Amino acid sequence: MTDLTSLTIAEARSGLANKSFTSLELTDAHLAAMEAARSLNAFVLETPDQARAMARAIDAKITKGEGGPLAGIPLGIKDLFATKDVRTTACSKILGNFVPPYESTVTSQLWRDGAVMLGKLNNDEFAMGSSNETSCFGPVVNPWRREGSNTTLVPGGSSGGSASAVAALLCMGATATDTGGSIRQPAAFTATVGVKPTYGRCSRWGIVAFASSLDQAGPIARTTRDAAILMRSMAGHDPKDTTSVDIGVPDYEAAVGKSVKGIKIGIPKEYRLDGMPAEIEKLWTEGAGWLKAAGAELVEVSLPHTKYALPAYYIVAPAEASSNLARYDGVRYGLRVPGRSIGELYENTRAEGFGDEVRRRVMIGTYVLSAGYYDAYYLRAQKVRTLIKKDFEDCFAKGVSAILTPATPSAAFGVGEKGGADPVEMYLNDIFTVTVNMAGLPGIAVPAGKDAQGLPLGLQLIGRPFDEETLFSLGEVVEQAAGHFTPPRWW
Amino acid sequence: MNVSVKPGKLIKGQTGDWEVVIGMEVHAQVTSKSKLFSGASTEFGGEPNSHVSLVDAAMPGMLPVINEECVKQAVRTGLGLNAKINLRSVFDRKNYFYPDLPQGYQISQYKSPIVGEGEIIVELDGGKTATIGIERLHLEQDAGKSLHDQSPSMSCVDLNRSGVALMEIVSKPDIRDAEQAKAYVTKLRSILRYLGTCDGDMEKGSLRADVNVSVRKPGGPLGTRCEIKNMNSINFIGQAIEYEARRQIEIIEDGGTIDQETRLFDPNKGETRSMRSKEEAHDYRYFPDPDLLPLEFTQSYVDELKKKLPELPDQKKARFIESLGLSPYDAGVLVAERESAVFYETVLDGLADKTRDGKLAANWVINELFGRLNKEGHGITASPVSASQLAAIVGLIGEGTISGKIAKDLFEIVWTEGGDPRELVESRGMKQVTDLGAIEKVVDDIIAANPDKVAQAKAKPQLAGWFVGQVMKSSGGKANPQAVNDLLKAKLGI
Numbered sequence: 001m002t003d004l005t006s007l008t009i010a011e012a013r014s015g016l017a018n019k020s021f022t023s024l025e026l027t028d029a030h031l032a033a034m035e036a037a038r039s040l041n042a043f044v045l046e047t048p049d050q051a052r053a054m055a056r057a058i059d060a061k062i063t064k065g066e067g068g069p070l071a072g073i074p075l076g077i078k079d080l081f082a083t084k085d086v087r088t089t090a091c092s093k094i095l096g097n098f099v100p101p102y103e104s105t106v107t108s109q110l111w112r113d114g115a116v117m118l119g120k121l122n123n124d125e126f127a128m129g130s131s132n133e134t135s136c137f138g139p140v141v142n143p144w145r146r147e148g149s150n151t152t153l154v155p156g157g158s159s160g161g162s163a164s165a166v167a168a169l170l171c172m173g174a175t176a177t178d179t180g181g182s183i184r185q186p187a188a189f190t191a192t193v194g195v196k197p198t199y200g201r202c203s204r205w206g207i208v209a210f211a212s213s214l215d216q217a218g219p220i221a222r223t224t225r226d227a228a229i230l231m232r233s234m235a236g237h238d239p240k241d242t243t244s245v246d247i248g249v250p251d252y253e254a255a256v257g258k259s260v261k262g263i264k265i266g267i268p269k270e271y272r273l274d275g276m277p278a279e280i281e282k283l284w285t286e287g288a289g290w291l292k293a294a295g296a297e298l299v300e301v302s303l304p305h306t307k308y309a310l311p312a313y314y315i316v317a318p319a320e321a322s323s324n325l326a327r328y329d330g331v332r333y334g335l336r337v338p339g340r341s342i343g344e345l346y347e348n349t350r351a352e353g354f355g356d357e358v359r360r361r362v363m364i365g366t367y368v369l370s371a372g373y374y375d376a377y378y379l380r381a382q383k384v385r386t387l388i389k390k391d392f393e394d395c396f397a398k399g400v401s402a403i404l405t406p407a408t409p410s411a412a413f414g415v416g417e418k419g420g421a422d423p424v425e426m427y428l429n430d431i432f433t434v435t436v437n438m439a440g441l442p443g444i445a446v447p448a449g450k451d452a453q454g455l456p457l458g459l460q461l462i463g464r465p466f467d468e469e470t471l472f473s474l475g476e477v478v479e480q481a482a483g484h485f486t487p488p489r490w491w
Numbered sequence: 001m002n003v004s005v006k007p008g009k010l011i012k013g014q015t016g017d018w019e020v021v022i023g024m025e026v027h028a029q030v031t032s033k034s035k036l037f038s039g040a041s042t043e044f045g046g047e048p049n050s051h052v053s054l055v056d057a058a059m060p061g062m063l064p065v066i067n068e069e070c071v072k073q074a075v076r077t078g079l080g081l082n083a084k085i086n087l088r089s090v091f092d093r094k095n096y097f098y099p100d101l102p103q104g105y106q107i108s109q110y111k112s113p114i115v116g117e118g119e120i121i122v123e124l125d126g127g128k129t130a131t132i133g134i135e136r137l138h139l140e141q142d143a144g145k146s147l148h149d150q151s152p153s154m155s156c157v158d159l160n161r162s163g164v165a166l167m168e169i170v171s172k173p174d175i176r177d178a179e180q181a182k183a184y185v186t187k188l189r190s191i192l193r194y195l196g197t198c199d200g201d202m203e204k205g206s207l208r209a210d211v212n213v214s215v216r217k218p219g220g221p222l223g224t225r226c227e228i229k230n231m232n233s234i235n236f237i238g239q240a241i242e243y244e245a246r247r248q249i250e251i252i253e254d255g256g257t258i259d260q261e262t263r264l265f266d267p268n269k270g271e272t273r274s275m276r277s278k279e280e281a282h283d284y285r286y287f288p289d290p291d292l293l294p295l296e297f298t299q300s301y302v303d304e305l306k307k308k309l310p311e312l313p314d315q316k317k318a319r320f321i322e323s324l325g326l327s328p329y330d331a332g333v334l335v336a337e338r339e340s341a342v343f344y345e346t347v348l349d350g351l352a353d354k355t356r357d358g359k360l361a362a363n364w365v366i367n368e369l370f371g372r373l374n375k376e377g378h379g380i381t382a383s384p385v386s387a388s389q390l391a392a393i394v395g396l397i398g399e400g401t402i403s404g405k406i407a408k409d410l411f412e413i414v415w416t417e418g419g420d421p422r423e424l425v426e427s428r429g430m431k432q433v434t435d436l437g438a439i440e441k442v443v444d445d446i447i448a449a450n451p452d453k454v455a456q457a458k459a460k461p462q463l464a465g466w467f468v469g470q471v472m473k474s475s476g477g478k479a480n481p482q483a484v485n486d487l488l489k490a491k492l493g494i
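The listed protein sequences derive, respectively, from chains A and B. UniProt numbering numbers the first residue of the first sequence as 1 and each following residue consecutively. UniProt numbering numbers the first residue of the second sequence as 1 and each following residue consecutively.
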C-alpha cells in the first residue's frame, strides 16, 4: 500500500471512485508517511484521529455516491489557517496553544468538498520569512538534497511545511498562503506546483493576517492538474471578507491541457538581473522555448518599475503587519507574560512571544507609519505600488496574456546559510514574486528543471486578474515538457 | 473666519474683555441593531461580554464587514446637518494599545470622512439664533470598557460596546460662549433624535462631547486650545467652559502661557484638570484599513434616503408658525424635543378644526400640560393626560361647549381620575349654558332684584361687569359669557 502516497490527486480520485482503495487506506498511508518523516519537521501538529474519522465519514458517503470533488483526499493545512477545535498558532509562540472555535472559509470549503485533514503544517512565524527558519517550531527540512551531499536545505518559505510535505509525499496537496512569494518560492525549491491566486479570489476570513492587502491563500500540489482541482474548492466569494470578489469560480481543471496556441507571453527584460546564475537564465530560455513550441507567441515586454518593488514591499507589508499583529497583546488569548502594569504586560508578552524577524518587521512597520515618516515611506511605497500595477496593465493592454519569469533567483540553500548577518539577503529571494502581490495578480510556479547540483528550479507565470485558467493551461505545457521531479527518499 | 459667527458673551479680565473660542467633537452612538463591523447586538446593559462577536474580540483571522444600516444613518445625519455627503470615503486604522481596544487599533475615518461641511442653526435666549458650522462627520468604532473595581489585583474588560458604531461630529470653531455651546449640543441632539440616528441619551453615554476651548482678545489671533474630554451632560459642558475660559485668562493675565493639553472636568469640584499633555499624545499611525475597500455609493442612494427623511425641528417650527399661526417662541418650545412635537401633533390630529383650535392647543400643551408635568416631575411620555384627551378638552373649548375656566377643572379631573372629557362634561353637567331662555331668566331675576345697580350701570356702562359676575355666579360658571354680555347690554339699554 506504500505507493498510495505517490498518487496524484487526480489518480487518487479515480481510485477512490472505482473503489480500488478507501479514503481510510489512503489516509493511513499518509499518516504512516508523516510518522516516518518527522525529521523533516513539516507538520507541527498531526491529527490522525480526526483524519481517520473524516476518512471513514467520507468513505460512507462515497459508497452512497455522495462524495464531493475532493472526496477522500488527504491534505495538509498550513498553520496560518484557523481550524475549528484544532490548535492554530501561525507558528508563533505568542499564540501558544490557541484553539480557534471557528474554521477558516478556505478550509471549510475543502471539508465541504470531502477532503480529509492530516494535520497542521509548519511555516515561518506569521508567514514572515523565505526559508521557514523563523517558525517557533524550528526549521522545516527540504526533502531535496544536493547530489552527493548531506547538507540540510531549507524548503523556502513561508509555506515551507506545505511544500516539503507535498514534495515528500506526506500529503496529496496542501493549503498555503502567499504575501510576497510564500507559495511560489517554496514550490520552486521543492519541485512542486504552487498557485498564488488573484487578490480577492480566495477568502482571507479565518487566516491569520500578515499583510491584509497582499495575503492570498492558494494550493501547493505535485501537478498543475492537482493544483487546479484544489483551487476550485478553495476559491469563491465570501461575504465575510469584503475584499473577496463576487465572480464565478471556473472549472480550473478544464483549463489543464487546453491549447495555448496564439497566446501572447511576455518576457520582461527587467527580470534579467545582473549576476543571475546561468542555470536560471538557461531554464528561463528553455521554458520560453517549450511554450513557443506549444504555439504560444513570445514577446519581450518592459515592467520598468520592477526594481522598486522589493523595497516598496518591505514598507507596505511590515506597515500592515505592525497593525495586524497589535491584537497579540496577552489580554484575551495566547501567551501572557505578566508585568507590574499593563504596559509591562504588553512589553513582556510581545518580547517573549514574537521571534526576531517578526519583531523586526513590527518595528519597521511602526516606523514607516509614524508621524513625519508616513509620507516619505508608506505613501511613497503605495505610489510605487500603483506604478507597478500600471506596468502590468500596460503590458496586458498590448495583448499579453501572461508573463514568464524565473520563480526564484537561486535553488534551495542550506539551513542557516542566509540572512544571518543581513536580512536583505533573505528578502532578495522574493525578487521575482513580490511584484505579483503588489499588483494583486495571479501567479503560478511550476517545476521546470534542476541545477547542476540536482536541485529543482521553477518558472513563474503571471496572469491577468482572475485569469488563473490561462496559467493552468501554460503551467501544464511547462510541466509536460519538463517532466516530474521526485526527491529520492533519504529520511 | 466664518462671517456668520455670532459674537458671544465676553469675559471681563484684569486687562479687559476676552472672547472664548469653542469647537466641539460630539460622539453620537448610531442607532442600529448591530455593530459597525460585526453582527453583534448593540443593546445597552446585559452581562459583561455577552454581546461580543469573534470580530469584536479581534480573534486571529477575523475581518470587519461594514453594516449598511450604520452607513445609512450617517448619511441621514449628514443630510439633517445640511452637509455635503461624500460618495467615496475611506476607513483608516487608528493604532494604539489599550486593553479595551482588542484589535490594537480603532477603525475610523481620517482623511476621507463620509460627511463633509454642513451647518446647524441654534436657538439662543431672547429668540436669537446663531449658525454653527459643521466641519465633518465620520464613522468609527467605539472601544470596550475597562472596569477597575471588580478585582483587587486586576482590571477587567467588558467588550459589549467594543465595535459599536459612533458618529464623530466635528464643529467648526464657531462657538463663542457657554450658552452657545449648550445650545449647539441641545440642537444637535434634537436633530439626531428627530432623525432617529442616535437616541441622544447622555446618561448612558450615547452622546458625549469633547470640547476645545481657547481664549483671545476680541478679534485677535486664536489662542492655544485645551480639549476637555468626554462630557456627558449639557450643563457640565457649560460649567466646564466657564471654568476653563477663566482659568486660561488668569494664566495669560499673570504672564503665563497656555499648554496645549487634554483635560477632564470634575463635576464635584466644578473644575477642569490636566489629563495628558501634548507631548504625551499618541502617534496614532493612521493608515487606510486594508481589510476594507473604500466606502462608495451613488448620489441616487443619497437621494432615496433624503426623500424618506422625517421633518426636522427647523422645518416643523416654520410650518407651525405659518400654517397654525403659532408664535416663533411657542413653535420653538414645541419642536425642541421630538416627543413634545409628536405629542402636540397628535393633539392636532384629534382636533375637528385645526385652523380654529391649533393655536389654543399649543397654549394648552405649553402652559397647562408642560406646567403641570414640570411641577410633578414627569416627562411628556409619562403624561397622565393623553394627547387625545387634551385634544378633546381643547375641542370643547373651541366649539364653545365649555369655557376656559371650566376647561381647567376638566383638565384637573382628567389628570387625576382619567376618563373621556366629553363624557365627563355631560355626566358632571359642566356644559356651558347657551340656552338664551335660561340665561335670560337669570338676567331678569338679577336686574329685578337690584334696581339701584341698574341705575348706576345705566349712568356708567362699565358697571355692567358686576351683572356679568352675578349671572356667571348663579349659573355655576356655565353660562356662555358672550351670551350673558349681549343680553345684559340689551336689557340695561347700554
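For glycine and all other residues, C-beta sits at the position ideal for the given N, C-alpha and C. None of these values were measured; they are calculated from a predicted model.
*Does DSSP classify A:V337 as helix, strand or coil?*
Counting from 1 along the first sequence, the entry for residue 337 of chain A is found at position 337. If DSSP states are grouped into helix, strand and coil, A:V337 belongs with coil.
_Contact defined as beta carbons within less than 8 Å: I believe B:N49 pairs with B:N160. What is the distance between those atoms, to the nearest angstrom?_
Taking the first residue of the second sequence as position 1, residue 49 of chain B is located at position 49. Taking the first residue of the second sequence as position 1, residue 160 of chain B is located at position 160. That belief holds up - the Cβ atoms of B:N49 and B:N160 are roughly 7 Å apart, short of 8 Å.
*Collapsed DSSP secondary structure at B:E135 in the structure displayed*: The residue given as residue 135 of chain B occupies position 135 in the second sequence. B:E135 falls in the strand class under three-state DSSP.
*What in chain B is Cβ-close to A:E320, meaning under 7 Å?*
Start at 1 with the first residue of the first sequence, and residue 320 of chain A comes out as number 320. By Cβ distance, chain B contributes P290.
_Which residues of the region 95 to 126 of chain B have a Cβ closer than 7 Å to any Cβ of chain A? Give them in chain order._
N95, F97, P99, P102, Q103, G104 and Y105
*Can you say whether B:N480 is buried or exposed, counting buried as having 16 or more other CB atoms within 10 angstroms of its CB?*
What you label residue 480 of chain B is simply residue 480 of the second sequence in a count that begins at 1. Looking at its Cβ environment, which holds 16 or more other Cβ atoms inside 10 Å, B:N480 is buried.
*Using the beta-carbon of each residue, which ones in chain B are nearer than 9 Å to A:G416?*
In the first sequence, counting from the first residue as 1, residue 416 of chain A sits at position 416. Result: empty, since nearest Cβ-Cβ is about 29 Å, beyond 9 Å.
*asked:* At the 8 Å Cβ level, is B:M275 part of the contact set with chain A, yes or no?
replied: Translated into positions along the second sequence, residue 275 of chain B becomes position 275. No, because no Cβ of chain A sits closer than 8 Å to the Cβ of B:M275.
*Can you list the residues of chain B that A:V208 reaches, using a CB-CB cut of under 8 Å?*
Position 208 of the first sequence, counting from 1, holds the residue named residue 208 of chain A. Near A:V208 (Cβ distances below 8 Å), the residues of chain B are P60 and G61.
_Just to make sure I have the definition right: I need the residues of chain B whose C-beta is within less than 8 Å of the C-beta of A:R370. Which are they?_
In the first sequence, counting from the first residue as 1, residue 370 of chain A sits at position 370. At residue 370 of chain A the sequence reads Ser, which differs from the Arg that was named. Chain B residues near A:S370: D283 and R285.
_chain A within 8 Å of B:L293, Cβ atoms only_ = If you number the second sequence from 1, residue 293 of chain B lands on position 293. At least one chain A Cβ lies under 8 Å of B:L293.
*asked:* Going by C-alpha to C-alpha distance, which of B:D357, B:T131 and B:S190 sits closest to B:E339?
replied: Stepping through the second sequence from its first residue, residue 339 of chain B is reached at position 339. It is B:S190 whose Cα lies nearest to the Cα of B:E339.
*If we cut at 8 Å on Cβ distances, does B:L324 have a partner in chain A?*
Position 324 of the second sequence, counted from the start, is the residue given in the question as residue 324 of chain B. No, its Cβ sits nowhere closer than 8 Å to a Cβ of chain A.
*Between which two residues does the alpha helix (DSSP H) containing B:A209 stretch?*
Locating residue 209 of chain B in the second sequence gives position 209, where the first residue counts as 1. Unbroken run through B:A209 is the beta strand (DSSP E), L207 to R216; no alpha helix (DSSP H).
_Whether B:A209 touches B:M24 by CB criterion (8 Å)_ = As a working mapping, residue 209 of chain B is identified with position 209 in the second sequence. As a working mapping, residue 24 of chain B is identified with position 24 in the second sequence. Yes, these two residues count as a Cβ contact at 8 Å.
*Hey, out of A:K269, A:P143, A:L26 and A:G339, whose CA is closest to A:V299's CA?*
The count along the first sequence starts at 1 and reaches residue 299 of chain A at position 299. Out of A:K269, A:P143, A:L26 and A:G339, A:K269 has the C-alpha closest to the C-alpha of A:V299.
*asked:* List, from N- to C-terminal side, the alpha helix (DSSP H) runs of 4 residues or more that fit wholly inside the region 167 to 211 of chain A.
replied: Taking 4 residues as the shortest admissible run, the region 167 to 211 of chain A contains the following complete alpha helix (DSSP H) segments, listed from N- to C-terminal end: 184 to 190.
_Meets three-Cβ-pair contact criterion under 8 Å: the region 395 to 410 of chain A and the region 96 to 116 of chain A_ = No, because fewer than three Cβ pairs between the region 395 to 410 of chain A and the region 96 to 116 of chain A fall closer than 8 Å, the two stretches do not touch.
*One or two residues paired with A:V460 in a DSSP bridge*: Walking along the first sequence from the start, residue 460 of chain A turns up at place 460. A small correction: the amino acid at residue 460 of chain A is Gln; Val does not occupy that position in the sequence shown. BP columns for A:Q460 point to A:T405 and A:A445.
*Quick one, which of A:N142, A:V331, A:S322 and A:I342 has its alpha-carbon nearest A:L169's?*
Against the first sequence, residue 169 of chain A aligns to sequence position 169. Relative to the Cα of A:L169, the nearest Cα in the group A:N142, A:V331, A:S322 and A:I342 belongs to A:N142.
*Segment contact flag, the region 92 to 105 of chain B with the region 140 to 152 of chain B, C-beta cutoff 8 Å, min 3 pairs*: Yes, the region 92 to 105 of chain B touches the region 140 to 152 of chain B.
*At least three beta-carbon pairs within less than 8 Å, the region 113 to 127 of chain B to the region 302 to 311 of chain B*: no
*Are any of the Cβ atoms in chain B nearer than 8 Å to that of A:A37?*
Numbered from its first residue, the first sequence carries residue 37 of chain A at position 37. With 8 Å as the cut-off, A:A37 does not count as an interface residue toward chain B.
*On the three-state DSSP scale, how would you describe B:K35?*
What you label residue 35 of chain B is simply residue 35 of the second sequence in a count that begins at 1. It is coil, neither helix nor strand.
*What residues from chain B crowd round A:L455, counting only those whose CB sits closer than 9 Å?*
Mapped onto the first sequence, residue 455 of chain A falls at position 455. The premise fails here: A:L455 is roughly 34 Å from chain B at the closest Cβ pair, so nothing lies under 9 Å.
*Leaving out five residues on either side along the sequence, give the residues of the same chain with a beta carbon under 6 Å from the beta carbon of B:A362.*
Residue 362 of chain B sits at position 362 when you count from the first residue of the second sequence. Around B:A362: L326 and D330.
*Can you find a CB in chain B that lies within less than 8 Å of the CB of A:W284?*
Along the first sequence, read from residue 1 onward, the residue named residue 284 of chain A stands at position 284. Not one chain B Cβ lies under 8 Å of A:W284.
*asked:* Could you give the first and the last residue of the continuous beta strand (DSSP E) run that contains B:Y105?
replied: Translated into positions along the second sequence, residue 105 of chain B becomes position 105. Start and end: Y105 to S108.
*asked:* Less than 8 Å between CB atoms is the rule here; does A:A82 satisfy it with respect to chain B?
replied: Taking the first sequence and counting its residues from 1, one reaches residue 82 of chain A at position 82. Taking Cβ atoms only, chain B reaches closer than 8 Å to A:A82, which makes this a yes.
*List the residues that DSSP assigns as beta-bridge partners of A:K264.*
For the purposes of this step, residue 264 of chain A is taken as the residue at position 264 of the first sequence. Note: A:K264 sits in a beta bridge opposite A:E297.
*Can you pull the chain A residues whose beta carbon is under 7 Å from the beta carbon of B:L54, in chain order?*
Numbered from its first residue, the second sequence carries residue 54 of chain B at position 54. Within chain A, the residues near B:L54 are Y102.
*With a threshold of 16 other CB atoms inside 10 Å of the CB of A:V424, please say whether the residue is buried or exposed.*
Translated into positions along the first sequence, residue 424 of chain A becomes position 424. Burial call: exposed.
*Contact check, A:P409 vs A:I431 under 8 Å by CB: the rounded distance?*
Locating residue 409 of chain A in the first sequence gives position 409, where the first residue counts as 1. Locating residue 431 of chain A in the first sequence gives position 431, where the first residue counts as 1. The pair is a contact, with the Cβ atoms about 6 Å apart (cut-off 8 Å).
_Host alpha helix (DSSP H) of B:I252 (start-end)_ = Position 252 of the second sequence holds residue 252 of chain B. Element bounds for B:I252: I234 to E253.
*Sub-8 Å separation of A:S23 and A:I77 beta-carbons*: Translated into positions along the first sequence, residue 23 of chain A becomes position 23. Translated into positions along the first sequence, residue 77 of chain A becomes position 77. Taking 8 Å as the Cβ cut-off, A:S23 and A:I77 do not qualify as a contacting pair.
*State buried or exposed for B:A178, treating a residue as buried only when at least 16 other CB atoms are found within 10 Å of its CB.*
To locate residue 178 of chain B, count along the second sequence from 1; it is residue 178. Burial call: buried.
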